[in-house]
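In the numbering used here, the protein residues as written are 2 to 322.
Note that beta-carbon positions come from the ideal geometry of N, C-alpha and C, so glycine has one too.
What follows is a single structure, written as structure tokens, with notes after it.
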Amino acid sequence: MEKLIEVKNLKKHFYKKNFWGQNQGVTKAVDGVTFDINKGETFGLVGESGCGKSTLGRTLIRMYEPTSGKIMYEGEDIAAIKKNKLNKFHKKMQIIFQDPYSSLDPHLTVRDIIAEPISVYEKLSDTEIDLRIAELLKKVGLKSDDMNKYSYEFSGGQRQRIGIARALSVNPQFVLCDEPISALDVSIQAQVINVLEELQEELGLTYLFVAHDLNMVHHISEKIGVMYLGKIVEIGDSDDIYFNPKHPYTKALINAIPRIEQERVLKLDRDVIQGDIPSPLNVPKGCRFHPRCPYATERCRCEEPELRIDADGHQVACFEA
Ligand SMILES: Nc1ncnc2c1ncn2[C@@H]1O[C@H](COP(=O)(O)OP(=O)(O)OP(=O)(O)O)[C@@H](O)[C@H]1O
Ligand SMILES: [Mg+2]
Numbered sequence: 002m003e004k005l006i007e008v009k010n011l012k013k014h015f016y017k018k019n020f021w022g023q024n025q026g027v028t029k030a031v032d033g034v035t036f037d038i039n040k041g042e043t044f045g046l047v048g049e050s051g052c053g054k055s056t057l058g059r060t061l062i063r064m065y066e067p068t069s070g071k072i073m074y075e076g077e078d079i080a081a082i083k084k085n086k087l088n089k090f091h092k093k094m095q096i097i098f099q100d101p102y103s104s105l106d107p108h109l110t111v112r113d114i115i116a117e118p119i120s121v122y123e124k125l126s127d128t129e130i131d132l133r134i135a136e137l138l139k140k141v142g143l144k145s146d147d148m149n150k151y152s153y154e155f156s157g158g159q160r161q162r163i164g165i166a167r168a169l170s171v172n173p174q175f176v177l178c179d180e181p182i183s184a185l186d187v188s189i190q191a192q193v194i195n196v197l198e199e200l201q202e203e204l205g206l207t208y209l210f211v212a213h214d215l216n217m218v219h220h221i222s223e224k225i226g227v228m229y230l231g232k233i234v235e236i237g238d239s240d241d242i243y244f245n246p247k248h249p250y251t252k253a254l255i256n257a258i259p260r261i262e263q264e265r266v267l268k269l270d271r272d273v274i275q276g277d278i279p280s281p282l283n284v285p286k287g288c289r290f291h292p293r294c295p296y297a298t299e300r301c302r303c304e305e306p307e308l309r310i311d312a313d314g315h316q317v318a319c320f321e322a
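Written as structure tokens, this is what we have:
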């Protein structure tokens, strides 16, 4: 499998400054993450709220400046490229936002919303832009006439289709889908997922798909990464993570999924997650999951486990797994 993106020890720390510019602490939102995304595949990223999923995604596409680390895109380190030289990559890497209500400007027509990235990255005539937008709207299941309407005239699901059309308007290779269905009615979610899957197939797109819903992530992803407090603690094939989780945190997440088929329930009675995720301003020493882990030993309290890889490619950062 050909790699599109190789992330190496990527960090994004946010520094809190007071009025006088003095440091008031650092939020280690992404704190040394290493993983690959294969071309044409979906990498699902899961983890509790605040664990750094959006920050990781946004740093990876250089919407945020990385603190350190490498982001190899087809062999070139985009973390090291100067901001004014980034256009070439920004065109290839687009984003679909979580909330299609706040992410689409209500003062603009659908045409102007979708045309915005095109005018930044390409030089096309108005007629060429109209043709491309008409085609895109059909691709995402809307009508070409819809380009003359305003986004507030559409339902949530239709708005997210507009968001998808905008992301695809400059023919990207990679799309960061940051919880693209979380704000939608359950009945609409599957339709939007289908649109994303069909477009991936047709256009050979690569996705980083961020979500809370492990069932959905399992369905849509080839690989899954599990994030905890700024680190990825487990990576594996989607089925491996879902049916054979190794890290106590992943087991707890899987255990928390309501299931109808009782025989599928994993026998992991101890793996019910306790307490809240600690603040990334104050990361626990040793394994950052140890204060909540039922299996923690003395070693876990002092030493941080690194991701280690099994013969089958499954990676887990746990001394006991
Ligand atoms: N621009 C920012 N400035 C300072 N801190 C930030 C910023 N963006 C995120 N953070 C902090 O970084 C941590 C990770 O946030 P992030 O939004 O990446 O989490 P998340 O996993 O996407 O959460 P959710 O599932 O709720 O979307 C949080 O503690 C958050 O408060
Ligand atoms: Mg987020």
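For Asp238, the enclosing beta strand (DSSP E) begins and ends at Lys232 to Asp238. Here Ala30 is buried, its C-beta having at least 16 other C-beta atoms within 10 Å. For Ala168, the enclosing alpha helix (DSSP H) has its first and last residue at Gly157 to Leu169. In the structure shown, Tyr229 falls within a strand segment according to DSSP collapsed to helix, strand and coil. Fewer than three pairs of CB atoms, one per stretch, sit closer than 8 Å, so the stretch 223-241 makes no contact with the stretch 61-73. Cys303 is classed as exposed because its beta carbon has fewer than 16 other beta carbons within 10 Å across all chains shown.
Taking a cut-off of 8 Å for Cβ pairs, the stretch 115-124 and the stretch 177-194 do not touch, as fewer than three such pairs fall below it. With respect to Lys12, Thr28 sits apart: the two C-beta atoms are not nearer than 9 Å.
Spanning the alpha carbons of Arg289 and Asp147 requires a straight line of approximately 49 Å. The count of Cβ pairs closer than 8 Å, one atom from the stretch 126-133 and one from the stretch 207-227, stays below three, leaving the stretches out of contact.
Counted as a single uninterrupted DSSP element, the beta strand (DSSP E) harbouring Cys178 occupies residues Phe175 to Asp179.
Given a length threshold of 4 residues, each whole run of the alpha helix (DSSP H) inside the stretch 113-157 is given here in chain order: 127-140. Here DSSP, grouped into helix, strand and coil, assigns Ser104 to coil.
Between Val227 and Ile221, the C-beta spacing is not below 9 Å. Excluding five sequence positions before and after Cys319, the CB atoms of its chain that fall closer than 6 Å to its own CB belong to His248 and Pro306, given in chain order. The nearest non-hydrogen atom of ligand 1 is less than 8 Å from the C-beta of Met228. Residue pairing from DSSP places Gln95 in a beta bridge opposite Val176. Counting along the chain, Ala30 sits inside no alpha helix (DSSP H); it lies in the beta strand (DSSP E) bounded by residues Asn24 to Asn39. For Ser69, the uninterrupted beta strand (DSSP E) segment begins and ends at Ser69 to Tyr74. Assigned with DSSP and collapsed to three states, Glu202 falls in helix.
Linking Glu223 to Asp127 through their CA atoms gives a straight-line distance of about 39 Å.
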